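*Asks:* Numbering (the numbering used here), first residue to last: 1 to 71. Take this structure, written in structure tokens, and hold onto it; I'll ask about it next.
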Amino acid sequence: MTKLKTFWQDVIPDFDVMKWKQETQAEILRETKDMTREEVREYFRRASEEFQAEGERYRAERAKSAETGDQ
Numbered sequence: 001m002t003k004l005k006t007f008w009q010d011v012i013p014d015f016d017v018m019k020w021k022q023e024t025q026a027e028i029l030r031e032t033k034d035m036t037r038e039e040v041r042e043y044f045r046r047a048s049e050e051f052q053a054e055g056e057r058y059r060a061e062r063a064k065s066a067e068t069g070d071q
């Protein structure tokens, strides 16, 4: 078992990181299959922005929870 797989199983029991990775890669391939290089570039740029925004929302929620004592 790899260190990464062991880490995720400690954090999220029953989470199969390799299955998740393969499913995510297959989904990206399906979604970008007929796209031009420019369209693929835009696809990943948008995905990156969405990922960053999600992280910012998560950090804001955690900060708010810390202030109110909700954990």
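Just so you know, even glycine gets a beta-carbon here, dropped at the ideal spot from N, CA and C. On a predicted model such as this, the values are computed, not experimentally measured, just so you know.
From M18 to F51, what distance separates their C-alpha atoms?
*Replies:* Sequence index remark: in the sequence shown, residue 18 carries index 18 (1-based). Sequence index remark: in the sequence shown, residue 51 carries index 51 (1-based). One C-alpha to the other measures close to 20 Å.
*Asks:* Determine the DSSP secondary structure at G69, reduced to helix, strand or coil.
*Replies:* Reading the sequence shown from its first residue, position 69 is the one you call residue 69. Three-state result, G69: coil.
*Asks:* Which two residues bound the contiguous alpha helix (DSSP H) that contains I28?
*Replies:* As a first step, residue 28 is located in the sequence shown; it is residue number 28 there, counting from the start. Unbroken alpha helix (DSSP H) run through I28: V17 to T32.
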